[in-house]
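Asker: One structure, as structure tokens, below. Some questions next.
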Amino acid sequence: MAHVPKDLPLSSDLSQKEESTTSPYQKLVEGQGTLEHGNVVGCLTALAAAAGNEQLWKPLNFAVLEACSHKRSEVRRAGISCLLSIIETVGEEYMVLLPECLPVLSELLEDSDEDIAGMAKECVRQGEELLGESLEDSLR
Numbered sequence: 371m372a373h374v375p376k377d378l379p380l381s382s383d384l385s386q387k388e389e390s391t392t393s394p395y396q397k398l399v400e401g402q403g404t405l406e407h408g409n410v411v412g413c414l415t416a417l418a419a420a421a422g423n424e425q426l427w428k429p430l431n432f433a434v435l436e437a438c439s440h441k442r443s444e445v446r447r448a449g450i451s452c453l454l455s456i457i458e459t460v461g462e463e464y465m466v467l468l469p470e471c472l473p474v475l476s477e478l479l480e481d482s483d484e485d486i487a488g489m490a491k492e493c494v495r496q497g498e499e500l501l502g503e504s505l506e507d508s509l510r
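Numbering-wise, the numbering used here comes out as the position in the sequence shown, counting from 1, plus 370.
Here's what the structure looks like:
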């Protein structure tokens, strides 16, 4: 298992409570509390934006959806956060992969973690906005 270096720069404006509740996983993957070093979600979003085509997005989308289906909630949270970030950044072009995402989003909408369910709902909302149609029937 990978470990976050103890000397990873942290934002000095975090309160002790926030700092103590931010796991090493959140620091590395989601960039919470890091100053200038970015994070995995940002990196994967930039990769998707730079790739610019469906054939290159497919393996990335597959890996992100696998993370969304993981048994650990922090991995699911990172996965759905990444999917949302990619959808927001790439936009309408990424909608060619939406059919592959719908079964996973349907599951995440019912996740026991409210943050995960909320991000899944936002992914659906973004998809509906970009497509100009409701996805409700597709999510059943």
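Using N, Cα and C, we set each Cβ at its ideal position, and we do this for glycine too.
What is the DSSP secondary structure of N409, counted as helix, strand or coil?
Answerer: Reading the sequence shown from its first residue, position 39 is the one you call residue 409. DSSP places N409 in coil when its eight states are reduced to three.
Asker: Going along the chain, which residues of its own chain have a beta-carbon closer than 8 Å to the beta-carbon of V494, five neighbours each way excluded?
Answerer: Along the sequence shown, one-based indexing puts residue 494 at 124. Around V494: L475, L479, L505, L509.
Asker: Under the rule that 16 or more other beta-carbon atoms within 10 Å means buried, what is V434, buried or exposed?
Answerer: Locating residue 434 in the sequence shown gives position 64, where the first residue counts as 1. Flag for V434 reads buried.
Asker: Report the three-state DSSP secondary structure of R442 (helix, strand or coil).
Answerer: For the purposes of this step, residue 442 is taken as the residue at position 72 of the sequence shown. In the structure shown, R442 sits in coil (DSSP, three-state: anything other than H, G, I, E or B).
Asker: Do the CB positions of L467 and W427 come within less than 8 Å of each other?
Answerer: To locate residue 467, count along the sequence shown from 1; it is residue 97. To locate residue 427, count along the sequence shown from 1; it is residue 57. Yes.
Asker: Exposed or buried, what is R446 when buried is set at 16 or more other beta-carbons lying within 10 Å of its beta-carbon?
Answerer: Within the sequence shown, numbered from 1, the residue matching residue 446 stands at position 76. Per the 10 Å Cβ criterion, buried.
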